[in-house]
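Read through the structure below, which is laid out as structure tokens, and then see the notes.
Numbering (my numbering), first residue to last: 122 to 193.
Written out as structure tokens, the structure reads:
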């Protein structure tokens, strides 16, 4: 499961509702939630955040928590 999938599960999000509200297909949401190789686009992240009524920055921080700058 991806970080987005874990975030949506933690928030008890109904993916069918998200698909209906955002226009993102259930298949695409499933790919974003389960396939590590699937890339989440910024517009998708924004729409998902709006659909589940959370700040897009909260979603971004959660799904990118393992990223950081290289130390010199």
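Here a beta-carbon is modelled for each residue, glycine too, at the ideal position from N, C-alpha and C.
Cβ-heavy atom distance between residue i and the ligand PLP below 6 Å?
{"i": "residue 142", "result": "Of the ligands one can find in the structure shown there are none, so the ligand PLP has no counterpart to examine."}
Can you tell me which of the options puts its alpha carbon nearest to the alpha carbon of residue i?
{"i": "residue 130", "options": "150, 160, 142 and 143", "result": "150"}
{"i": "residue 140", "options": "123, 170, 160 and 187", "result": "170"}
{"i": "residue 127", "options": "137, 179, 184 and 189", "result": "184"}
{"i": "residue 155", "options": "172, 144, 143 and 136", "result": "136"}
{"i": "residue 232", "options": "193, 189, 182 and 145", "result": "Summary: the structure shown does not reach residue 232, with the chain confined to residues 122 through 193, and so no result is reported for it."}
With 16 other CB atoms within 10 Å as the buried threshold, where does residue i fall?
{"i": "residue 163", "result": "exposed"}
{"i": "residue 161", "result": "buried"}
{"i": "residue 143", "result": "buried"}
The alpha helix (DSSP H) with residue i in it runs from where to where?
{"i": "residue 137", "result": "136-143"}
{"i": "residue 152", "result": "147-155"}
Please return the same chain residues whose Cβ sits closer than 7 Å to the Cβ of residue i, not counting the five positions on each side in sequence.
{"i": "residue 173", "result": "132, 134 and 139"}
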